[in-house]
Every structure is written in C-alpha cells, then in structure tokens.
Amino acid sequence: MSFAHLDGFKPFVRPVVKVVCDTISPFTGERLTTLQCDYQRYFHSEVMTHRKFSRSASSSRAIPVHVQADRIKLNPATPMQFGLNEPGMQASKNAEGETLESAMCMWFDAAENAYHSAQAMRDLGLHKQVANRIVEPFQVINVVITATEWENFFELRDHPDALPEIQALAQEIKKAMDESEPVVRAYHLPYLREDEMAQVEGGNPLDILEYWAPISAARCARASYNNHDGTKSTAEEDFGLYEKL
C-alpha cells in the first residue's frame, strides 16, 4: 500500500476524544463540558449541523502546507468501513477480501497523489489556503467542542443509520463524558493549567473576567492553527492573541 513503507505510517481510523474542562454551575446545576476531538475532516460538515455546539476547528488556511502534507503522509484519515454500493444512505454490507484490499490501496494511492499535488502547488508559489484544500479528504481535524446539551446529538449520531465515523465520534464523546468527574465552580476556563487555576480560585472576579477568561478563549481559538499537544504558549502570548482576535 502507498505510504506503508514509511516509518510511523499509521492510518487514522477511529475518532479520538478527551475532556478538556468539565464544570457544574453552582447557580443552575447545569453541566458544561469542553472536549478536544480528533476525527476525519470529511465528515466535519455533519458535526457543524449541531447548532448547540460552540466550536473551534483546525484551519486549512492557517497550517503550513508541508505540515498538513506530512500529517496525511504518516496518518491519513481513513474510513472505518468500506461499504458496498446499494440504494439509500447506508451501506449494510462491507467489502471483504480482495475487494477490501483493492479499496484500501486506492484510498492510500489517492492520499499519496494529494500529498504530492499539494507539495507541487506550494513549490509553484500557491498559498496554503489553496494548496491545502486538495489534501482535506485525508486530513484529521482537531476540533474543540463546548456544550451543555448533548441529547439530540447522541440520539441522532449514536445510531446504526449514522455514518460509521460520526457514530464512533458520538460513542467516544459519551464515553469520555461518562468517565469524567465534573467540578462545581463558578468559571469554566478550558486549557488553563493547574498553576493558573490556582491563581483563579479565590481570585478577584474582575481579574478572572478580564485576564484569565480571555486567555482561555484564546487557547480554544488556537485549535484553528495549533495542536494543544504540541508547543505550549505563555499566558502573556495568549492574552496578546485574544486582543488580536
């Protein structure tokens, strides 16, 4: 298969979810949860239909071409199932044997072609907002989702009729939330680190709203062009980003 000879090659098949911040309001008892979700970009439009969600997602216009290209070279987004054609929106039978092997080879060939095309566009002098579009079907997108209401999403998406990948995303979100212990607190501040939260607790409410809340918002926004598992920004840098945004 294409790319398979490369060290580190590992197709991305199933969405990955982790809880970033989980809060119970001391005033209303409502639960507010922020999650970091990694999933195949090709079904992101379906996630966008859920208007109860607040989101920030990685952007093709912000991430350099070589970074996106290298990601799909080593971890190309791949369907969970290669369903066989039939009438309707769902595939009830999946490819097996030689058909499955051929389908997977075709998928990785397409990813490799997109990889080389994006690099060629960059070398031609085209901006990343153009060159990165061609690799989007094979990208893994990083999305920060915050919401209080999940019932409709679970009802629609954790369902056999849903696309397998978004069904898996719903299952992973439900699992992550079931395993998380929400904390009763007045402020929901995703991506603040432990030492920063220590300053928030018992701090001046004005300082929290005018300094720490902007920093949290900026770090959520960083999902559009940066991965939180990579380099860490300072509070000062994030406050500066907030002012720019």
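Per the working numbering, the sequence shown runs over residues 306 to 550. Note that beta-carbon positions come from the ideal geometry of N, C-alpha and C, so glycine has one too.
Reduced DSSP secondary structure (H/G/I, E/B, other) of residue i
i: ALA367; result: coil
i: GLY259; result: The shown model of the chain, from 306 to 550, leaves out residue 259, and the question about it has no answer.
i: VAL322; result: strand
i: THR333; result: coil
i: SER521; result: helix
i: THR339; result: strand
i: GLN345; result: strand
i: ARG498; result: coil
i: HIS310; result: coil
i: THR404; result: helix
i: GLU506; result: coil
i: LEU550; result: coil
i: GLY283; result: There is simply no residue 283 to check, as the chain begins at 306 and stops at 550 in what is shown.
i: MET409; result: helix
i: SER350; result: helix
i: LYS480; result: helix
i: ASN532; result: No answer about ASN532 holds up, because its pLDDT of 47 lies below 50 and its placement is not dependable.
Length of the line joining the Cα atoms of residue i and residue j
i: ASN390; j: SER407; result: 15 Å
i: ALA423; j: LEU474; result: 28 Å
i: ARG490; j: ILE329; result: 6 Å
i: ARG370; j: PRO316; result: This sequence places Val at residue 370; Arg is not what is there. Cα-Cα distance, rounded: 19 Å.
i: GLU456; j: ILE471; result: 15 Å
i: ILE513; j: ALA362; result: 25 Å
i: HIS533; j: ARG527; result: Low local confidence applies: a pLDDT of 41 at HIS533 is under 50, so the model's placement there is unreliable, and no value is given.
i: ARG360; j: ILE450; result: 5 Å
i: VAL440; j: PHE308; result: 15 Å
i: LYS537; j: ALA416; result: 30 Å
i: ASP375; j: ALA419; result: 11 Å
i: GLY402; j: ARG366; result: 39 Å
i: THR339; j: GLN434; result: 28 Å
i: THR354; j: GLU335; result: 23 Å
i: ARG346; j: TRP517; result: 31 Å
i: LEU461; j: ALA467; result: 7 Å
i: GLN373; j: ASN437; result: 7 Å
i: VAL352; j: PHE458; result: 9 Å
i: LEU511; j: MET411; result: 57 Å
i: ASP414; j: LEU546; result: 39 Å
Residue i Cβ short of 7 Å to the ligand ATP heavy atom set
i: VAL352; result: The ligand content of the structure shown is nil, which means the ligand ATP is not present either.
Beta bridge counterpart(s) of residue i as assigned by DSSP
i: SER485; result: Answer is none; SER485 lacks a bridge partner.
i: PHE317; result: ALA382
i: SER359; result: THR451
i: THR328; result: LEU337 and VAL488
i: ASN399; result: GLY388
Neighbourhood of residue i by C-beta, 6 Å cutoff - its chain only, sequence neighbours within 5 removed
i: GLU477; result: PRO320 and VAL322
i: SER485; result: VAL324 and ASP327
i: LEU497; result: SER521
i: ALA452; result: LYS357 and PHE358
i: LEU337; result: THR328, THR453 and HIS493
i: MET426; result: ALA436
i: HIS349; result: ILE446
Sequence-distant residues of its chain with Cβ nearer than 8 Å to residue i (five each side left out)
i: LEU405; result: PHE387 and ASN399
i: PRO331; result: VAL489, ARG490 and ALA491
i: ASP343; result: PHE317, PRO320, VAL321, VAL322, VAL445, ILE446, ASN447 and VAL448
Cβ shell of residue i (< 7 Å), same chain only, five flanking positions each side left out
i: LEU311; result: LYS378 and LEU379
i: ASP543; result: ILE520, ALA523 and ARG524
i: PHE314; result: PHE308 and LEU379
i: SER397; result: GLU391
What alpha helix (DSSP H) runs, 4 residues minimum, are completely inside the segment 412-470? Assignment of alpha helix (DSSP H) within the segment 412-470, counting only whole runs of 4 or more residues, yields 433-436 and 456-462 in chain order.
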